[in-house]
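Undergrad: The structure is given below, and queries will be raised subsequently.
In our numbering, the protein residues as written are 263 to 537.
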């Protein structure tokens with residue numbers, strides 16, 4: 263299968279390698295020469311340019327069987343989200359009319375605040391403007407009979423906010439520490455998307471999350487026990503998050519019922535790999 267990855271960063275590069283090893287012909291669209299060189303060293307073809315600019319599409323072939331939008335906004339604001347996600351998906355749909363589309367979104371589109379278990383049939387009514395943009399981008403893939411992947415908070419080597427803050431001594435526990443944390447290791451995100459790629463009959467929405475949502479207090483107590491460091495101080499809850507303040511437990515049971523297996527089923531397995 264000929265596959266285009268729109269974005270080859272933290273997750274995309276691992277996904278590109280997995281797909282190449284599975285026998286697919288992969289092209290990774292990247293913005294910088296350093297990223298392009300990294301792909302070439304993996305034996306993966308690259309396309310260099312800014313996909314938000316029309317001129318960057320002229321040299322791109324149009325015969326891809328599958329296109330995966332896995333680009334990052336770089337933590338930008340609403341205008342950046344619209345440019346990267348909404349316009350990016352519109353261009354993919356326009357430029358590659360025959361390709362199957364997969365859009366990598368986020369579980370931030372679930373706005374629940376009551377601690378409930380959330381699956382793919384749960385309401386999506388986020389309070390944040392950035393998550394509302396993601397829903398609009400999702401609709402483009404779904405209208406084409408494609409797939410929307412909603413990963414929980416992604417962590418991995420050299421990129422784990424909770425772990426790094428704890429080790430640096432800058433972590434705080436908000437409120438009583440009972441807010442649910444939904445996470446998934448980078449390698450499991452890549453394997454989940456690759457699993458969907460290998461099942462061309464699949465369409466619709468799929469959550470990607472580990473099997474055991476945990477509270478902030480549970481995570482920090484575990485880290486304190488493993489490291490001998492003290493538990494972080496408590497602080498008031500921060501309800502002014504860019505993606506909105508939520509309280510929910512994400513379920514990825516739908517994917518697991520299909521046969522997808524997690525390498526890191528909980529934060530313990532993932533965090534142990536950092537020591």
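Every residue gets a Cβ at the ideal spot worked out from N, C-alpha and C, and that includes glycine.
If we ignore side chains and look at the alpha-carbon of each, how far apart do residue 441 and residue 477 end up?
TA: Rounded to the nearest angstrom, the two C-alpha atoms are 5 Å apart.
Undergrad: Measuring straight from C-alpha to C-alpha, what distance separates residue 492 and residue 486?
TA: Going by the C-alpha atoms only, they are around 6 Å apart.
Undergrad: When we look at the beta-carbon of residue 344 and count the other beta-carbons within 10 Å, is it buried (16 or more) or exposed?
TA: When all chains shown are included, residue 344 counts as buried.
Undergrad: How is the beta strand (DSSP E) around residue 412 delimited, first residue to last?
TA: First-last of the beta strand (DSSP E) with residue 412: 409-413.
Undergrad: What first and last residue would you give for the alpha helix (DSSP H) that runs through residue 519?
TA: From DSSP, the alpha helix (DSSP H) with residue 519 extends over 515-519.
Undergrad: From 528, 500, 513, pick the residue whose C-alpha is nearest to that of residue 436; which is it?
TA: With distances taken between Cα atoms, residue 436 lies closest to 500.
Undergrad: So for residue 348, helix, strand or coil by DSSP?
TA: The answer is helix: DSSP assigns residue 348 an H, G or I state.
Undergrad: Give a yes or no on contact between the region 466-481 and the region 515-526, applying the rule of three or more CB pairs nearer than 8 Å.
TA: The region 466-481 vs the region 515-526: in contact.
Undergrad: Roughly how many angstroms lie between the CA atoms of residue 287 and residue 534, to the nearest whole one?
TA: Looking at the two C-alpha atoms, the distance is approximately 34 Å.
Undergrad: What distance in whole Å lies between the Cβ atoms of residue 448 and residue 416, which are believed to be in contact at a cut-off of 8 Å?
TA: Correct: roughly 6 Å between the Cβ atoms.
Undergrad: How far does the alpha helix (DSSP H) with residue 469 in it extend, from its first residue to its last?
TA: Where residue 469 is concerned, there is no enclosing alpha helix (DSSP H), although the beta strand (DSSP E) it sits in stretches over 466-470.
Undergrad: Just to confirm, is the Cβ distance from residue 516 to residue 372 under 7 Å?
TA: No, these two residues do not count as a Cβ contact at 7 Å.
Undergrad: In or out: residue 337 buried (at least 16 other Cβ within 10 Å) or exposed?
TA: So residue 337 ends up on the exposed side.
Undergrad: Please report the Cβ distance between residue 374 and residue 508, rounded to the nearest whole angstrom; I am assuming they are in contact, meaning their Cβ atoms lie under 8 Å.
TA: Indeed they touch by this definition, with Cβ atoms about 6 Å apart.
Undergrad: Would you call the region 389-396 and the region 423-435 in contact, with 3 or more CB pairs under 8 Å?
TA: Flag = no, the region 389-396 and the region 423-435 do not touch.
Undergrad: Count the C-beta pairs between the region 345-352 and the region 303-310 that are closer than 8 Å, then say yes if the count reaches three, no if not.
TA: The answer is no - the region 303-310 does not touch the region 345-352, with fewer than three Cβ pairs under 8 Å.
Undergrad: For the alpha helix (DSSP H) that contains residue 219, what are its first and last residues?
TA: Limits of the chain in this structure are 263 at one end and 537 at the other, which puts residue 219 out of reach.
Undergrad: Where are the beta strand (DSSP E) runs, 3 residues long or more, that stay fully inside the region 391-457, in chain order?
TA: The region 391-457 contains these whole beta strand (DSSP E) runs: 409-413, 415-417, 445-447.
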